[in-house]
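In my numbering, the protein residues as written are 529 to 776. Heads up: the structure comes next, in structure tokens.
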Ligand code: BV8
Ligand code: ZN
């Protein structure tokens, strides 16, 4: 499943970085965005994951996020998440960069997680910025409002047209530039600037591996493509690396 080239690179790697997308959470039962049956099948991203859509229809957008939080609360991390968390212990310099907002990497035990697109379990008031872990009670046909000032409460995620958190972007860029091996796992590589990271890794000499059951926008540029679900591939990769390190 893994080439000699990849195993050699990993055996000598000082620094490893992984970019994950919604595909890593698919096997936990969290719908992806663009796959058939995905979250955006009935709505397009522009209709939901952007500030104007929220201001135009706060009830629809808030209920979409409430629906997603319900799914996320009901699922568990899958073997792919746990393998990525274990991988962090196998390399001195390991950075997990995720586009996912579902908190499953942290629940699986990953410690250094760079959240490029925020975290759906965090919310804040548009007006006074008061933070909310859980939404205050509100009628189903109204949008949640701040108990302090009555302002609309939004999820702490990056919407289209919004800037990513600068500290997360900087940490992701630095880890990507110094990576000896860079994995792009479970992402369609469509959304920028996150989708630019595997290209940056390649430009800076990393060996870039894509792990995904399907082709993506990045596939033509990957040094190695492993066609399979992350829940199967990642645990095998970790077992292989552990065996390599034990015999080294
Ligand atoms: C920005 C958070 C600067 C919220 C998300 C035109 C107008 C406006 C903007 C743009 C434009 N053209 C380009 C842009 C920039 C835009 C962009 O890139 N658009 C794309 C669609 C072309 N980017 C932005 O707007 C970013 N901000 O540029 O700011 C700026 C500032 C001001 C003015 C202008 C510019 C903000 C991007 C962040 C958007 N927020 N989500 C929420 O979650 O609700 S994006 C959303 O897509 C998620 O975060 C998700 O993580 C991300 C990427 O999707 P994927 O994770 O890849 O998931 P997807 O479903 O696509 O693919 C799943 C993959 O998994 C598939 O490949 C599948 O094969 C695979 N898979 C399935 N099963 C498995 C599997 N893999 C492994 N194992 C399995 N079992
Ligand atoms: Zn408020």
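Glycine is no exception: its CB is placed at the ideal position from the N, C-alpha and C atoms.
Stretch-stretch touch, CB-based, cutoff 8 Å, three pairs: the stretch 578 to 598 with the stretch 730 to 739: no
4-residue-minimum alpha helix (DSSP H) runs that sit fully inside the stretch 639 to 708, ordered along the chain: 694 to 706
Inter-residue Cα distance where the pair is residue 668 and residue 595: 12 Å
Residue 543, enclosing beta strand (DSSP E) - first and last residue: 543 to 548
Short CB-CB distance (under 8 Å) between residue 630 and chain D: Judged by its chain identifiers, the structure shown contains no chain D, having just a single protein chain.
Three-way DSSP call (helix, strand, coil) for residue 591 in this model: helix
Residue 715 to residue 563 span [Cα, whole Å]: 11 Å
Contacting residues, own chain, Cβ-Cβ under 7 Å from residue 604 (five flanking each side not counted): 556
Coil, strand or helix - residue 753 by DSSP: strand
Straight-line Cα distance separating residue 671 from residue 663: 10 Å
Secondary structure of residue 799, DSSP reduced to three states: With the chain covering only 529 through 776, there is no way to say anything about residue 799.
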